[in-house]
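Protein chains in written order, with the numbering used here: chain A, 924 to 1224; chain B, 4 to 314; chain C, 114 to 449. Backbone N, C-alpha and C fix where the C-beta goes; we use that ideal spot for every residue, glycine too. This structure is a prediction, so every number in the text was calculated from the model and none was measured. For reference, the structure discussed in these notes is given below.
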Amino acid sequence: MNSYVLDVRKLKVDYATSMKTIQAVKGISFSIQKGETLGLIGESGSGKTTTAMAILRLLQNPGRVVGGEVILNSDIDLLTLSERELRKVRWTELALITQGSMNSLNPTMRVCEQIADGILAHKEMNDKNELNEYIKNLLKLVGLPERVFNQFPHELSGGMKQRVCIAMAASLNPSLLIADEPTSALDVITQRIVAQTLLDIKERLNTSLLIIGHDIGLMAQMADRVAVMIDGFIVEVGTMQEVLSSPEHQYTQILVDSMPSIKRRKPLTAIDERTRSEISNKLCVSSEMTEVTTGHWVAVN
Amino acid sequence: MKKTDFVENTGVEVLAEDGCKKRPPKDNPWKNSKLIIGAIILGILIIIAFVGQLFWDKTLVNVGSSPLNLPPVGNEYRDQIGNWAHPLGTDNSGRDILALVLVGLPHSLGIGFVSATIGLTIGIIFGFSAGYLGGRVDDVIRLLSDTTMNIPALLILIIIQSLIPNAGFFAMALLLAVFAWQSPTRVLRAQVLSMKHADYVKLAQLSGSPDQEIMFKEMMPNLMPFLISQLTAGTSYSVLILVGVEVLGLGSQKIPSLGITLNNAINASAILRGMWWWWGIPTIILIVVFMCLLLITVGLDEVSNPRLRDH
Amino acid sequence: MNGLTWKYALHRIGIYLLTILISITLIFVISRAVPGDPIENMWRQLEMQKGQIEGVDLIIDHYKELFGLNEPIGIQYLKYLWNTVRFEFGVSFVHYPTSVSSMIGHALPWTLGLGLITTLIIFIFGNGIGAVFGWERTPKFIKTIIPSSLIFTSIPSVLAALFLLSIFSKNLGWFPLAGAYNSNVTQGWNWPYIASVIKYGFLPVLSILLVNIGWTILGMRAMVVTIGGADYVRLAQAKGLKPFYILKKYTVRNALLPQLTSLALSLGGLISGQVLVESIFSYPGMGMLIFRAIREQDFNVIQATSYMFILITATSVLLIDLLYPLIDPRITHGED
Chain A
924 MNSYVLDVRK LKVDYATSMK TIQAVKGISF SIQKGETLGL IGESGSGKTT TAMAILRLLQ
984 NPGRVVGGEV ILNSDIDLLT LSERELRKVR WTELALITQG SMNSLNPTMR VCEQIADGIL
1044 AHKEMNDKNE LNEYIKNLLK LVGLPERVFN QFPHELSGGM KQRVCIAMAA SLNPSLLIAD
1104 EPTSALDVIT QRIVAQTLLD IKERLNTSLL IIGHDIGLMA QMADRVAVMI DGFIVEVGTM
1164 QEVLSSPEHQ YTQILVDSMP SIKRRKPLTA IDERTRSEIS NKLCVSSEMT EVTTGHWVAV
1224 N
Chain B
4 MKKTDFVENT GVEVLAEDGC KKRPPKDNPW KNSKLIIGAI ILGILIIIAF VGQLFWDKTL
64 VNVGSSPLNL PPVGNEYRDQ IGNWAHPLGT DNSGRDILAL VLVGLPHSLG IGFVSATIGL
124 TIGIIFGFSA GYLGGRVDDV IRLLSDTTMN IPALLILIII QSLIPNAGFF AMALLLAVFA
184 WQSPTRVLRA QVLSMKHADY VKLAQLSGSP DQEIMFKEMM PNLMPFLISQ LTAGTSYSVL
244 ILVGVEVLGL GSQKIPSLGI TLNNAINASA ILRGMWWWWG IPTIILIVVF MCLLLITVGL
304 DEVSNPRLRD H
Chain C
114 MNGLTWKYAL HRIGIYLLTI LISITLIFVI SRAVPGDPIE NMWRQLEMQK GQIEGVDLII
174 DHYKELFGLN EPIGIQYLKY LWNTVRFEFG VSFVHYPTSV SSMIGHALPW TLGLGLITTL
234 IIFIFGNGIG AVFGWERTPK FIKTIIPSSL IFTSIPSVLA ALFLLSIFSK NLGWFPLAGA
294 YNSNVTQGWN WPYIASVIKY GFLPVLSILL VNIGWTILGM RAMVVTIGGA DYVRLAQAKG
354 LKPFYILKKY TVRNALLPQL TSLALSLGGL ISGQVLVESI FSYPGMGMLI FRAIREQDFN
414 VIQATSYMFI LITATSVLLI DLLYPLIDPR ITHGED
């Protein structure tokens, strides 16, 4: 039937503050095929990170999933797993790469220890040497020198820290990697290195990858398919090429248009509040999507 | 679609999609319960002390002015019954406890407050200079502060007091202030450092305001509640050391203070003899004072730092 | 690779030595600032209280010798400095010819023992309880116990001591009224002795403990809550690690470091409090020594013991300062 690694259906996430309830994700659906890279793109606040956290069940107070389903590997209903079952699935099937350079690594633990505990939580590896070799291989895989093994996070540069995070996430060969803004906090050159590393790993392990970001230029080089989000809605989904060359939805068009081009001088385009509210309100009425061409879906509004 | 309990430990009810739960926001940060309760109780105590001195005979603090070993009203102790002439009882030298409290409380609190004020003033000058000017000035001030910070004030004061036993009000306040400036300096320096890089300060600099003006017109207003909390914290600290020195037996014997009263009680084995009012009443008064000061300090901290409120 | 570099260690030791130097100088200046010959002053005051003292000339001469009082003030200072550093404190006036050092020597172990036990309990239990209160997985009903009870942290330990002594020793008779151990028991590594030490030390430890542990609990709770929201903790959860393991190795490990700094800062207050608590409980430590010396106007003992307390405080702070970089891999030099 379908070899979906991830199937998200009508996911809804709310943030309930003392003043009012904010609907961060308003019933989105998308899927990722085996071995595919899906890019989730949108502005800050569009709900993309919330989506990722909801899938991983890492939402923090006051966020809460209030509707929808998330199916992993066609047979694991992520949202209804017990805590124990969830822990078994985490890292072995589902791994996270965040903006590592900031604060994702434990400052008081050596790199080897941090990678090791993820592995040992799920796999029996009594031979210490075997474990160390395994970790050293992982580091080699992401292009890090062997000395990193014993170092502490503060001794590493931003790009190196990020690659450690990638190595960690890859350590148990998960079915799905979720990378949340993996290159956003890095300079352009390092971005390139990290992005490349990520793609390499993905190819080698043949995992599926969900990349979340806001840089459509970078996304274009990394993703097979892309989903565009605004204000908690998905407005367009399709192959990278199609969406870029013939964006159907008004918002996607603005987004694509905003990409800087070295070929011609474009006037600065930005989306003004009125336009965004218009788009958002129309979607509130109905966020249904139709298939324009095979595999290319657009919100009717 | 199953609606099961998705997120562990959030304790937030699932709300309908267009549900709206409104709670009026706490507008005025000064309406802090801790601050108000602490201030009111302390205020009451101070007023009672001052008003009381007008109505109650102050000479009753002197030795031999009253019957000996009298318990408080309604109590019996060794064939003596408490009476309203000395509602809180007397000690073994004939001093009236109520008079001691009425005179002693403002005395101790006063010294503590004056000392804290001096300490804070020094702290403001040093802290601002160190934080704003940086460089050499900062190094010197920090060195001074670091080295003297770890010297326990109590011990130095013990030495001083043992050699100069009859220090007056202001002398004591000054001595205590020597140990009260390090904390405000440190803390203010940190505040100034973090504010220095704040945008509104940079704007003021860009528009050409002189340094002092920036310090006082831009930074100070924001620091107001914080500064007052440093004052109450400092008062608490100074009173603590003062009482400590007095309880050990050092301190001016001329002015009856709460600490000296406690020392007399201890030396006369008041606990063993069961004269609980002698040491108990000054103790409770002191405890209430300290608690109030703490409430005010914490309350003011919450006023000045929104992140501390109601987490 | 740990962060305890020579640069950092020397910097800290430098501050330490400077602190000690300032303290000694301060004491010296104060004692000389009082008009008149300091020794004459001392025995004159003593005489006023006690009447004629036997052999006072001998004492005076001994001191003048020891502290070089016949020499210029600069030499006096140096001699004083040299003597103090060697723990050469001279002789007690009131208990002549007992040397002050020997009096301190007898009292020191009790003070150190009391202080060490109390500090350890406060740190271990305070941070433990604080971590539990701050952990998101702790049931709510446990968490609601806290805030109001922490107002008791404002009570000075000496006042708590008075209450405890009165209620539990005098009224209920559960604990003894004075001393460090039952004098009927022989000292040494035997159970009756150890049990008696525990019994006699219980209330003093409790007095200091009750009022100081609150700060530690509050501080740790705040740290655990803050760190619990950090990215690396979230990632640890994403890794499917067991919750208690995360608490131990990710949250608490990082929260303990600032708590160690707080401990160093609060040591001065703890020790000052101990001076008073020992006095109330007649616990034969250095606090009691000072208390008695004040009553007897034994100035030499007062000064020497005060200095010892300052030394202990400064040394403890130094030890913690040096310990910190061994635990926190991020510190490499004097800057916090």
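In the DSSP assignment, find the unbroken alpha helix (DSSP H) run with ARG1007(A) in it and report its ends. 1006–1012
Based on the DSSP secondary-structure assignment, which residues constitute the bridge partners of THR960(A)? LEU1132(A)
Put GLY342(C) into one of helix, strand or coil per three-state DSSP. Residue state, collapsed to three classes: coil.
Would you please verify whether the beta carbon of THR1096(A) is less than 7 Å from any beta carbon of chain C? Here residue 1096(A) turns out to be Asn, not Thr, going by the sequence shown. No - not a single Cβ of chain C is within 7 Å of the one on ASN1096(A).
Chain C residues whose Cβ lies nearer than 8 Å to that of ASN1026(A): Residues of chain C with a Cβ closer than 8 Å to the Cβ of ASN1026(A) are, in chain order, ALA343, ASP344 and TYR345.
Measure from the C-beta of SER165(B) to each C-beta in chain C and report whether the shortest distance is under 7 Å. Any Cβ of chain C closer than 7 Å to the Cβ of SER165(B) would place that residue at the interface, and such an atom is present.
Have a look at the DSSP bridge pairing and note the partners of THR1213(A). Within the DSSP secondary-structure output, THR1213(A) pairs in a beta bridge with VAL1221(A).
Partner residues on chain C for PHE293(B), Cβ-Cβ distance less than 9 Å: SER267, ILE268, PRO269 and LEU272
Find the nearest neighbour of ALA102(B) within the set CYS295(B), PHE53(B), VAL181(B) and ALA193(B), judged by alpha-carbon distance. PHE53(B)
Does the Cβ of ILE384(C) have 16 or more other Cβ atoms within 10 Å, making it buried, or fewer, making it exposed? So ILE384(C) counts as buried.
The beta strand (DSSP E) with LEU929(A) in it runs from where to where? 927–939
Quick one: give me the first and last residue of the alpha helix (DSSP H) that VAL143(B) is part of. 138–152
Chain-ordered residues of the region 1002–1015 of chain A with a beta carbon less than 8 Å from chain C: Result list: LEU1009, ARG1010, LYS1011, VAL1012, ARG1013, TRP1014 and THR1015.
Closer than 7 Å, CB to CB, is ALA351(C) near chain A or not? yes
Kindly indicate which three-state DSSP category ILE274(B) falls into: helix, strand or coil? It is coil, neither helix nor strand.
From VAL414(C) to LEU424(C), what distance separates their C-alpha atoms? Inter-residue distance for VAL414(C) and LEU424(C) is about 15 Å (C-alpha atoms, whole angstroms).
Can you give me the C-alpha to C-alpha distance between ALA220(C) and ALA349(C), rounded to a whole angstrom? Distance between the alpha carbons of ALA220(C) and ALA349(C): 50 Å.
Near-chain C residues of the region 140–159 of chain B (beta-carbon distance less than 9 Å), N- to C-terminal order: LEU146, ASP149, THR150, THR151, MET152, ASN153, ILE154, PRO155, ALA156, LEU157, LEU158 and ILE159
What whole-angstrom Cβ distance do SER267(C) and MET294(B) have, given they're in contact under 8 Å? 5 Å
LEU226(B) to SER1200(A), Cα distance in whole Å? 40 Å
Supposed contact pair ALA170(B) and LEU178(B) - C-beta distance, whole angstroms, cut 8 Å: 7 Å
Let me know if ILE269(C) comes out buried or exposed under the rule of 16 or more other beta-carbons within 10 Å of its beta-carbon. Just to set this straight, residue 269(C) is Pro in the shown sequence, not Ile. Buried, because 16 or more other Cβ atoms sit within 10 Å of the Cβ of PRO269(C).
Would LEU275(C) pass as an interface residue toward chain B - the criterion being a Cβ-Cβ separation below 7 Å? yes
Just checking: is the beta-carbon of ILE433(C) within a distance shorter than 7 Å of some beta-carbon in chain B? The beta carbon of ILE433(C) sits no closer than 7 Å to any beta carbon of chain B.
Start and end residues, alpha helix (DSSP H) containing ILE135(C): 119–146
Beta-carbon separation of GLU1104(A) and GLY1136(A) under 7 Å? yes
Cβ atoms of VAL250(B) and ASN266(B): under 7 Å apart, would you say? yes
Simplified DSSP state of PHE129(B), which is helix, strand or coil: helix
Alpha-carbon to alpha-carbon, PRO228(B) and ASP304(B): Going by the C-alpha atoms only, they are around 7 Å apart.
Answer with yes or no whether the minimum CB distance from GLY46(B) to chain C is below 7 Å. no
C-alpha gap between THR118(C) and LEU1019(A), whole angstroms: 36 Å
Which residues of chain B have a Cβ atom closer than 8 Å to the Cβ of ILE525(C), listed in chain order? There is no way to answer for residue 525(C), as the model of chain C reaches only from 114 to 449.
Are any of the Cβ atoms in chain C nearer than 7 Å to that of GLU953(A)? In the sequence as displayed, the identity of residue 953(A) is Phe instead of Glu. Cβ-Cβ to chain C under 7 Å: no for PHE953(A).
Option nearest THR426(C) by Cα separation, candidates VAL207(C), TRP287(C), GLN387(C) and ALA291(C): GLN387(C)
Top-ranked residue by Cα proximity to MET1025(A), from VAL948(A), GLN1085(A) and ARG1187(A): GLN1085(A)
So that I know if they touch, is there some Cβ in chain A lying closer than 7 Å to that of TYR363(C)? yes
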